[in-house]
Structure formats: structure tokens, C-alpha cells
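A.B. asks: Those sequence lines, one after another, are chains V and S.
Under the working numbering, the first sequence has 64 at position 32, and the numbering climbs by one with no breaks.
Under the working numbering, the second sequence has 641 at position 15, and the numbering climbs by one with no breaks.
C-beta atoms are modelled at their ideal positions from N, C-alpha and C, and glycine is treated no differently.
Note that the structure is a prediction, hence the values are computed from the model and not measured.
Below you will find the structure I want to go over with you.
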Amino acid sequence: GESVGLHLPTLSVQEGDNSIINCAYSNSASDYFIWYKQESGKGPQFIIDIRSNMDKRQGQRVTVLLNKTVKHLSLQIAATQPGDSAVYFCAVHAGGTSYGKLTFGQGTILTVHP
Amino acid sequence: EAQVTQNPRYLITVTGKKLTVTCSQNMNHEYMSWYRQDPGLGLRQIYYSMNVEVTDKGDVPEGYKVSRKEKRNFPLILESPSPNQTSLYFCASSLSGGFRYEQYFGPGTRLTVT
């Protein structure tokens, strides 16, 4: 099955800095990747996604990079703000016979200091 | 207002007493899913449903049942709850076409089994 890990459980940055959150996955057949943000006491919220036929996708202040060669995914947040403080999860879709099944990483706690 | 609702939000029960956590969405979404969230383990998918009458196991289906008789509802059933099912549960849904669209999460149900 798919396993999804994160390189760092916590990340602390200063307001205005750029943040990079990393995620590694194990299944080379994985075809869809998503980043979620979870604020304290709330359900996860979709940030951005990327399909396996892409290497990069940009949103508002966020960029997702996909390196299929090393099975690595990253989320970059530009000009990080205190409101970005939250837990960030990557989720991976394995595809194939597990169509519709998503595997989440353990999460990275991002703390932004004013 | 477009939303995913879960009931109850909090539940304390005893081992072996059957319970149901309801999930309902008003967005006409085809894909629905249940997750549990435990400290240090992130979100783990329990069951998912691509459409009415179609359900599949996620990574941790043991001890749970689901049904999808109507598009809007996706209840999670614990026939004989055990203490290791104490967790925070989230229901989620996404647009027609399956999971490859933004998933909207409910507010969560915190379950304690004693």
C-alpha cells in the first residue's frame, strides 16, 4: 500500500519568510496529490492539488512541486503570515485498483512568529 | 450554505454499544469519505463512496460499517465500539466525478469509548 511521510513534524518561521513543507510518498503509481491545511478545532481545508503529469502548480501565495523521480512533494508558502499557522497535510492517491482511496501524511505543524 | 454536517459532534459511549455517526452534505457531491484522526498518525481513511450504493474500504476499515443509500448521506456505523476507536472522526465530500476535486470536510465528531 501507499505510505506517506513528512520530513519534519514542526516548522517555525518568521512572518514574511517563505515556508517549505515536504512530503515523501512510496508508490510510484500515485497519480494525484493534495495539500490540506487544518486549523485548531476545525476540519482540514483544501489548499492546492497537482496531478502526476505536472511538476509544478501555483495558487495564491502557494506553490506545489512534484518530483516523481524521488517521489517527493513540497508545498511552498510565500510571505508567510500568522494566519498560516496550522497543521499541513499532504494526501496521495494511489490510483489503479485503489481508485478513490487517499493516504494522508502525519502532518507538519507550521508556526509563524510575528 | 454549502456544507458537510456531522452528528453528534461529541459522543461518550461504552464498549459494545452500537452507535451511528451521521454525515450529510447539501452540495450534490458524488464522492464521500470517512476519516479518523489520531495524534501523530494524521488522517486515515476508513471508508469512501464514489456514488450511491458504491462503497470501498480505506486504510482502516476494521470495526466500521458504512452505507450510501442516498447521495447526500453517508453514515458511519460502529456495531461494537472498542476503546481503540476513541478518535476524532471527519466526514468529507467532493464534487461529481469522484475525489479529484476539492474535498469539503465536516466539523468533526469526537468519540470516546470507555
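What whole-angstrom Cβ distance do S:S719 and S:G642 have, given they're in contact under 8 Å?
C.D. replies: Their Cβ separation, rounded to whole angstroms, is 30 Å, which puts S:S719 and S:G642 out of contact at 8 Å.
A.B. asks: Does the beta carbon of V:F121 sit closer than 7 Å to a beta carbon anywhere in chain S?
C.D. replies: For V:F121, the answer is yes, since a Cβ of chain S falls inside 7 Å of its Cβ.
A.B. asks: Using CA coordinates, which residue listed in S:G734, S:Q729, S:V686, S:S650 is at the minimum distance from S:R694?
C.D. replies: With distances taken between Cα atoms, S:R694 lies closest to S:S650.
A.B. asks: If I measure Cβ to Cβ from V:D81 and keep anything under 8 Å in the same chain, skipping five residues before and after, which residues do I get?
C.D. replies: Result list for V:D81: Y64, F65, I66, W67, R89, V96, in chain order.
A.B. asks: Per DSSP, what are the beta-bridge partners of V:F78 in this structure?
C.D. replies: Partner(s): V:Y68.
A.B. asks: Going by the beta-carbon positions, is the gap between V:G36 and V:G137 smaller than 7 Å?
C.D. replies: First, the amino acid is wrong: residue 36 of chain V is Val here, not Gly. Yes, these two residues count as a Cβ contact at 7 Å.
A.B. asks: For the beta strand (DSSP E) containing S:N710, name the first residue and the last one.
C.D. replies: S:N710 -> no beta strand (DSSP E), and no H or E assigned at all.
A.B. asks: I'd like to know whether the C-beta atoms of S:F579 and S:S675 end up nearer to each other than 7 Å.
C.D. replies: In this structure chain S extends from 627 to 740, so residue 579 of chain S is not present and cannot be described.
A.B. asks: Helix, strand or coil for S:D685? Go by DSSP, reduced to three states.
C.D. replies: The answer is coil: DSSP assigns S:D685 none of H, G, I, E or B.
A.B. asks: Quickly, what does DSSP pair S:Q632 with across the bridge? List them, please.
C.D. replies: Beta-bridge pairing links S:Q632 to S:C649.
A.B. asks: Can you name the start and end residues of the beta strand (DSSP E) that S:Q671 belongs to?
C.D. replies: Its beta strand (DSSP E) spans residues 668-677.
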